[in-house]
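Trainee: Convert by adding 106 to the 1-based position in the sequence shown; the result is the number in my numbering. In this text, a Cβ means the ideal position worked out from N, Cα and C, and glycines have one as well. No experiment lies behind these values; they were computed from the predicted model shown. Dropping a structure here in structure tokens format, bear with me for questions.
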Amino acid sequence: MSDQSESADLPEQPGSPIRVVVAKPGLDGHDRGAKVVARALRDAGMEVVYTGLHQTPEQIVEAAIQEDADVVGLSVLSGAHMTLFAKVIDLLKTRDATDIVVFGGGIIPDDDLPELERMGVAKVFTPGATTTEIVEWVRANVDPNR
Numbered sequence: 107m108s109d110q111s112e113s114a115d116l117p118e119q120p121g122s123p124i125r126v127v128v129a130k131p132g133l134d135g136h137d138r139g140a141k142v143v144a145r146a147l148r149d150a151g152m153e154v155v156y157t158g159l160h161q162t163p164e165q166i167v168e169a170a171i172q173e174d175a176d177v178v179g180l181s182v183l184s185g186a187h188m189t190l191f192a193k194v195i196d197l198l199k200t201r202d203a204t205d206i207v208v209f210g211g212g213i214i215p216d217d218d219l220p221e222l223e224r225m226g227v228a229k230v231f232t233p234g235a236t237t238t239e240i241v242e243w244v245r246a247n248v249d250p251n252r
């Protein structure tokens, strides 16, 4: 993901702000991209909670529910994306919170994208995605009045 925060030029959306939880599941200790995305979403007028490093899927889902999130953004660079995304999606189903949109980003092979989509991940941003793309996608695909 690009470090450029070009989303600052995007106008704020009227109505209820989109509530976003940005999370780093698993043991991956690299969170620069997640912080850049969190800041871009915040600068675009969204309410953003960044959970920090080393979160379990259970902690992420609990945060999303407690924060009344509209969307959860997961950043995975460790190679454990198939397991971590699946667990978050399954826990959201268990908690009757399937209205929370899940998207992700990180080092994720193109071959895994169809399976992630099948399991319920709405969008995956791979390296090179800009913050503007991410902000625009969230605005177009997440309804804060769900």
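For Thr157, does the count of other Cβ atoms within 10 angstroms reach 16, so buried, or fall short, so exposed?
Mentor: buried
Trainee: Indicate whether the contact test is met: 3 or more Cβ pairs, each with one atom in the region 142-157 and one in the region 191-204, closer than 8 angstroms.
Mentor: In the pairwise beta carbon analysis, the region 142-157 is classified as not touching the region 191-204: fewer than three pairs are separated by under 8 angstroms.
Trainee: Just to confirm the assignment: which complete beta strand (DSSP E) runs, minimum length 3, are found wholly within the region 152-236?
Mentor: 153-156, 177-182, 207-212, 229-231
Trainee: Opposite Ala129 in the DSSP bridges: which residues?
Mentor: Leu180
Trainee: Under 6 angstroms Cβ to Cβ from Gly132, same chain only, skipping five residues before and after it: list those, please.
Mentor: Correct list, in chain order: Ser184, Ala186, Leu190.
Trainee: What is the C-beta distance between Val230 and Ile214, in whole angstroms, given that I count them as a contact (C-beta under 8 angstroms)?
Mentor: 6 angstroms
Trainee: Roughly how many angstroms separate the alpha carbons of Gly50 and Gly135, rounded to a whole number?
Mentor: For the chain, the structure presents residues 107 to 252; residue 50 sits outside this window and is missing.
Trainee: How big is the Cα-Cα spacing for Arg252 and Asp176?
Mentor: 8 angstroms
Trainee: Buried or exposed: Thr237, going by 16 or more other Cβ atoms within 10 Å of its Cβ?
Mentor: Under this definition Thr237 is a buried residue.
Trainee: Take Phe201 and list the residues in its own chain whose beta-carbon comes closer than 8 angstroms to its own, dropping the five residues that flank it on each side.
Mentor: One point to set straight first is that residue 201 is Arg, not Phe, in the sequence displayed. Answer for Arg201: Val167, Ile171, listed in chain order.
Trainee: Give me, in chain order, the residues of the same chain whose beta-carbon lies closer than 6 angstroms to that of Ala129; leave out the 5 immediate sequence neighbours on both sides.
Mentor: Excluding sequence neighbours, Ala129 sits near Thr157, Gln161, Ile166, Leu180.
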